[in-house]
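A.B. asks:
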Amino acid sequence: MRGWRRHSGVAIALDRENVDTDQLIPARFMSTPRAEGYGNFLLYDSRNDAYGQPVSDFPLNAVPNASVLISRRNFGSGSSREAAVYALVDFGIRVVIAPSFGDIFASNAVNNGLLPARVSSADADAAIRKLQKGPLDTTVDLLDRHIRLGKMAFDFTIDDVWQQKLINGWDDIDLTQNHKQAIAAFRAQHVQRMPWAIPVQQTNFRSAGRDTVSQ
Amino acid sequence: MSARRLLDKLWESHEILRREDGTSLLWVDRHLVHEGSHHAFAKIAERGVPVAEPGLTFGVADHYAPTRGKPATDAIARMIATLASNTDTHGITCFGLDDPRQGIVHVIGPEQGLTLPGLLINCGDSHTSTHGAFGALAFGIGATEVAHVLATQTVWQKKPKAMRIDVTGRLGPGVGAKDLALAWIAKLGADGARGHAIEYTGPAVRSLSMEGRMTLCNLSIEGGARFGMIAPDQVTFDYVKGRPFAPSGVDWERAVELWSELPSEADAIYDVSVSLDASEIAPIVTWGTTPEDALPVTATIPDPARMSGTAAERARNALEYMGLTPGRALKQIAVDQVFIGSCTNARIEDLRAAAAVLAGRRAKVPGIVSPGSQQVKAQAEAEGLDRIFIDAGLDWVGSGCSMCVAMNGDHVEPGKRCASTTNRNFRGRQGRGARTHLMSPAMVAAAAVTGHLTDVRELLRERVPA
Ligand code: SF4
């Protein structure tokens, strides 16, 4: 994953509360391998009518080059499906702006370089009203936690750790490998304290004693 | 030092280290994977890393499991086969379709004794909070995190804030854990507990069975909480004892000793405390497209004209999707079909509650009953519950996620209305255009009998001998 500091692109609004991950990607598409791309599945049942024809005035259809999405509270609630983030990212979205996010969605987003930018309800509301007249160019500064949307300017919040992760494009597995010894030591004392931490039917495993983090 | 809470004790006993920024690296005791974990297996394959702890990883076919005959499509069959081959490659025990231990991941974990008090449990599924009912630290994770757990048996996590939901009083007849859960979600909102770990306390929670506690913790995520938990007690120990993967002998004695130290100290302080009176809770149904759109069945459909701002707009959209008219009684809403199943409400007690209402009655609408696991199915059949469902005119089918998520081919047709024991009434959750009303198993059974949303207490009253 590559890190980034600033993003400029076209913003659109999705004027809805509680855009859950079932809406972001309906379950029936989730058996597709990622290599095939998930962009077309994004908000599929909102973007297309019952006959599979695109709804022309739906924001994503009207502005297919959009890369910033502004929505309302509780965005990405529900299922932990990371495919919801894949659909956004594969469509080309780099930043989602909303007053609040589902916890699992937000951490999935950060793991894929997508910024979940939290703003006040008032700012989200003002931005959505501004975008009702049409898409606008926007710049999102990850370092300063600042958004410029046309002539409007406002700040967003993001957890410090997540900000660093997005900027540096960190990969957790690499980070964790550095703690291999601490993990092995923890495992040993943990299992001693509660032997049932290793399930009893896995007897061969208790004696296997191999490193937690291989490689 | 301030009084420690269940959350603190669980956290401390799994924390390998804490970074300066406050993020903890936690040890994972049990990692449950299912068909949807294919992205994560692909990620570790790409890196060429093995599964760190195959003995702590368990697979189960549930999300795509057929409930009747063979998988509905080749794509679905492929998902199940991919899980089988991934678990096989890495030496992971997998409860596949032909394994008598197969069932929904959050039903079989506890059933097999894989879920124990004091453990940390992860699964790539948001309802992993279910396992918190045992006093475990259990939370759902996304695919990147699943890959991380596979590769390292650890997870990076910031400690959430602690929230207490204290339930006083007693639940009335015909009112259960599902109603209790929907009641607090309606009160606090679908994001009311975001960023918090919920601990459920109080006499009404203590008097719930393990099945009821699992239903309550299961729905924590619908109120925005990644974690829901209940301190273990004798009810917990009685449930766990003798399960296949549970400790036994000397280990059992030691385990109970340790588990008895888990409950929060009496004067512990929570970041947020909420209290509810169980005796005021009526059977609840949802009317809209998020679980917070929930009301007592005795109420009327809300009127957006009486709301303001985004709430009015949202209610209007929800009612339009649901095809409902404001102001009418919820009990007048006719349903096309019913579904009894899912990790929320398909355990033996749930099936008994539904069967108690359906016994000797006929359903006016079609529906399916999908037990939470093959073992639940076998037990229900031993108790004769299957006959009650079949005689009522409902389909008694195999175990899996089925219509909860509509991945296996079972789904609700566009525009059709389903009374459902599941956990999400989201747009399209049960199939494109499907209209879902969430409620308890007894309430779904009542809706099946009358063909419309019904206060199950009326049907139960008829049963009381004069
Ligand atoms: S039954 Fe539904 S909520 Fe439960 S694990 Fe399956 S899909 Fe998820």
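In order, the protein sequences belong to chains A and B. Those letters in the first sequence? Residues 115 to 329, per my numbering, in order. Those letters in the second sequence? Residues 141 to 606, per my numbering, in order. The beta-carbon is built from N, C-alpha and C at its ideal position, and this holds for glycine as well.
How would you call Ala-503/B, buried or exposed, if buried means at least 16 neighbouring beta carbons within 10 angstroms?
C.D. replies: Locating residue 503/B in the second sequence gives position 363, where the first residue counts as 1. The residue is buried, with at least 16 neighbouring Cβ atoms inside 10 Å.
A.B. asks: Whose Cβ in chain B lies nearer than 8 Å to the Cβ of Ile-287/A?
C.D. replies: As a first step, residue 287/A must be located in the first sequence, where it is residue number 173. Near Ile-287/A (Cβ distances below 8 Å), the residues of chain B are Arg-187, Val-189, Ala-287, His-288, Ala-291, Thr-292.
A.B. asks: Can you check the segment 304-380 of chain B for any alpha helix (DSSP H) of at least 4 residues that lies completely inside it and give the ranges in chain order?
C.D. replies: Counting only runs of 4 or more, we get 317-328, 343-346, 350-358, 374-380.
A.B. asks: Do Ile-488/B and ligand 1 come close, with the Cβ less than 8 Å from some heavy atom?
C.D. replies: Taking the first residue of the second sequence as position 1, residue 488/B is located at position 348. No, since every heavy atom of ligand 1 falls outside the 8 Å radius drawn around the Cβ of Ile-488/B.
A.B. asks: Quick one: is Ser-404/B buried, meaning 16 or more other Cβ sit within 10 Å of its Cβ, or exposed?
C.D. replies: By one-based count along the second sequence, residue 404/B stands at place 264. Counting Cβ neighbours within 10 Å, Ser-404/B comes out buried, since at least 16 surround it.
A.B. asks: What does the alpha-carbon distance come out to for the pair Ser-542/B and Arg-119/A?
C.D. replies: Locating residue 542/B in the second sequence gives position 402, counting from the first residue. Locating residue 119/A in the first sequence gives position 5, counting from the first residue. When rounded, the distance between both Cα atoms is 43 Å.
A.B. asks: Note down, in chain order, all residues in the segment 298-314 of chain A with a beta-carbon under 9 Å from any beta-carbon belonging to chain B.
C.D. replies: Result list: Ala-299, Phe-300, Arg-301, His-304, Arg-307, Met-308, Pro-309, Trp-310, Ala-311, Ile-312, Pro-313, Val-314.
A.B. asks: To which residues does DSSP link Trp-118/A through a beta bridge?
C.D. replies: As a working note, residue 118/A is residue 4 in the first sequence. According to DSSP, Trp-118/A bridges with nothing at all.
A.B. asks: Assuming Leu-311/B and Ile-488/B are in contact, meaning their beta carbons sit under 8 Å apart, how far apart are those beta carbons, in whole angstroms?
C.D. replies: Walking along the second sequence from the start, residue 311/B turns up at place 171. Walking along the second sequence from the start, residue 488/B turns up at place 348. Incorrect: roughly 19 Å between the Cβ atoms, too far for contact.
A.B. asks: What is the DSSP secondary structure of Gly-199/B, reduced to helix, strand or coil?
C.D. replies: Numbered from 1 along the second sequence, position 59 holds the residue referred to as residue 199/B. Three-state result, Gly-199/B: strand.
A.B. asks: At a cut of 8 Å, does the segment 154-164 of chain A reach the segment 201-210 of chain A through at least three beta carbon pairs?
C.D. replies: The answer is yes - the segment 201-210 of chain A touches the segment 154-164 of chain A, with three or more Cβ pairs under 8 Å.
A.B. asks: With 9 Å as the C-beta to C-beta threshold (strictly closer), list the residues of the segment 118-143 of chain A near chain B in chain order.
C.D. replies: Hits within the stretch, in order: Asp-129, Arg-130, Glu-131, Asn-132, Asp-134, Thr-135, Asp-136, Gln-137, Pro-140, Ala-141, Arg-142.
A.B. asks: List, in order along the chain, the chain B residues whose C-beta lies closer than 9 Å to that of Ala-296/A?
C.D. replies: Counting from one through the first sequence, the residue named residue 296/A turns up at place 182. Per Cβ cutoff of 9 Å: Ile-156, Leu-157, Leu-165.
A.B. asks: Under a CB-based cut-off of 9 Å, is Asp-148/B close to chain A?
C.D. replies: By one-based count along the second sequence, residue 148/B stands at place 8. No, Asp-148/B does not count as interfacial toward chain A.
A.B. asks: Answer yes or no: the CB of Ile-244/B versus the heavy atoms of ligand 1, is any distance below 8 Å?
C.D. replies: On the second sequence, position 104 is the one that residue 244/B refers to. Result yes, Cβ under 8 Å from ligand 1.
A.B. asks: May I ask which residues mark the beginning and end of the alpha helix (DSSP H) holding Pro-581/B?
C.D. replies: Taking the second sequence and counting its residues from 1, one reaches residue 581/B at position 441. Counting along the chain, the alpha helix (DSSP H) containing Pro-581/B begins and ends at 581-590.
A.B. asks: Would you mind stating whether Tyr-204/B and Ser-145/A have Cβ atoms separated by less than 9 Å?
C.D. replies: Taking the second sequence and counting its residues from 1, one reaches residue 204/B at position 64. Taking the first sequence and counting its residues from 1, one reaches residue 145/A at position 31. Yes, Cβ-Cβ distance for Tyr-204/B and Ser-145/A is below 9 Å.
A.B. asks: Measure the C-alpha to C-alpha separation of Ser-254/B and Ala-180/A and round it to an integer number of angstroms.
C.D. replies: Numbered from its first residue, the second sequence carries residue 254/B at position 114. Numbered from its first residue, the first sequence carries residue 180/A at position 66. Strictly speaking, residue 254/B in this sequence is Leu, with Ser absent from that position. If I take the Cα positions, the gap works out to 46 Å.
A.B. asks: Can you check whether the C-beta of Thr-207/B is within less than 9 Å of a C-beta belonging to chain A?
C.D. replies: Position 67 of the second sequence holds residue 207/B. Chain A, which has no Cβ nearer than 9 Å to the Cβ of Thr-207/B, makes this no.
A.B. asks: Between the Cα of Phe-235/B and the Cα atoms of Phe-274/B, Val-173/B, Glu-186/B, Leu-256/B, which residue gives the shortest distance?
C.D. replies: Reading the second sequence from its first residue, position 95 is the one you call residue 235/B. Nearest C-alpha to Phe-235/B: Val-173/B.
A.B. asks: The alpha helix (DSSP H) that contains Asp-136/A, what's its start and end?
C.D. replies: Sequence index remark: in the first sequence, residue 136/A carries index 22 (1-based). That run of the alpha helix (DSSP H) goes 135-138.
A.B. asks: Since Val-169/A meets chain B, which of its residues come closer than 9 Å, beta carbon to beta carbon?
C.D. replies: Within the first sequence, the letter at position 55 stands for residue 169/A. Going along chain B, no residue has its Cβ under 9 Å from Val-169/A, so there is no contact; the nearest lies around 14 Å.
A.B. asks: Mind the definition here: the segment 302-310 of chain B touches the segment 338-346 of chain B only if three or more C-beta pairs lie below 8 Å; say whether that holds.
C.D. replies: As far as the Cβ criterion goes, the segment 302-310 of chain B touches the segment 338-346 of chain B, which means the pair count is three or higher.
A.B. asks: Which residue spans inside the segment 404-490 of chain B form an unbroken alpha helix (DSSP H) run of at least 4?
C.D. replies: Runs found: 449-462.
A.B. asks: So who's on the other strand from Gly-540/B, going by DSSP bridges?
C.D. replies: For this step, residue 540/B is matched to residue 400 along the second sequence. Its beta-bridge partners do not exist; DSSP assigns none.
A.B. asks: Quick one: what's got a C-beta closer than 7 Å to Gln-472/B's C-beta in the same chain, skipping five residues either side?
C.D. replies: Position 332 of the second sequence holds residue 472/B. Cβ neighbours of Gln-472/B beyond the five flanking positions: His-592.
A.B. asks: Kindly identify the DSSP beta-bridge partner or partners of Ala-559/B.
C.D. replies: In the second sequence, counting from the first residue as 1, residue 559/B sits at position 419. DSSP output for Ala-559/B lists Val-478/B, His-577/B as bridge partner(s).
A.B. asks: Expressed to the nearest angstrom, what Euclidean distance is found between the alpha-carbon atoms of Ser-225/B and Arg-301/A?
C.D. replies: Within the second sequence, the letter at position 85 stands for residue 225/B. Within the first sequence, the letter at position 187 stands for residue 301/A. Spanning the two alpha carbons is a distance of roughly 28 Å.
A.B. asks: Give the list of continuous alpha helix (DSSP H) stretches no shorter than 4 residues that lie fully inside the segment 215-303 of chain A.
C.D. replies: Runs of the alpha helix (DSSP H) inside the segment 215-303 of chain A: 217-225, 235-245, 274-282, 286-291.
A.B. asks: Going along chain A in order, which residues have a C-beta closer than 7 Å to the C-beta of Trp-296/B?
C.D. replies: Reading the second sequence from its first residue, position 156 is the one you call residue 296/B. Neighbours of Trp-296/B on chain A, chain order: Asp-286.
A.B. asks: Could you tell me the alpha carbon to alpha carbon distance between Arg-144/B and Ala-408/B, rounded to whole angstroms?
C.D. replies: By 1-based counting over the second sequence, the position of residue 144/B is 4. By 1-based counting over the second sequence, the position of residue 408/B is 268. Taking the straight line joining both Cα atoms gives about 6 Å.
A.B. asks: Alpha helix (DSSP H) containing Leu-223/B: first to last residue?
C.D. replies: Position 83 of the second sequence, counting from 1, holds the residue named residue 223/B. Leu-223/B -> alpha helix (DSSP H) spans 214-229.
A.B. asks: Beta carbon of Asn-563/B: closer than 8 Å to some heavy atom of ligand 1?
C.D. replies: The residue labelled residue 563/B in the question sits at position 423 within the second sequence. Yes - ligand 1 has a heavy atom lying nearer than 8 Å to the Cβ of Asn-563/B.
A.B. asks: Using the C-alpha atoms, what's the distance from Asp-433/B back to Asn-132/A?
C.D. replies: Taking the first residue of the first sequence as position 1, residue 132/A is located at position 18. Taking the first residue of the second sequence as position 1, residue 433/B is located at position 293. When rounded, the distance between both Cα atoms is 12 Å.
A.B. asks: May I ask you to check if the CB of Thr-484/B is nearer than 8 Å to at least one heavy atom of ligand 1?
C.D. replies: The residue labelled residue 484/B in the question sits at position 344 within the second sequence. Indeed, a heavy atom of ligand 1 lies less than 8 Å from the Cβ.
A.B. asks: Whose Cβ in chain B lies nearer than 7 Å to the Cβ of Glu-196/A?
C.D. replies: For this step, residue 196/A is matched to residue 82 along the first sequence. Result: His-179, Gly-282, Ala-283, Thr-284.
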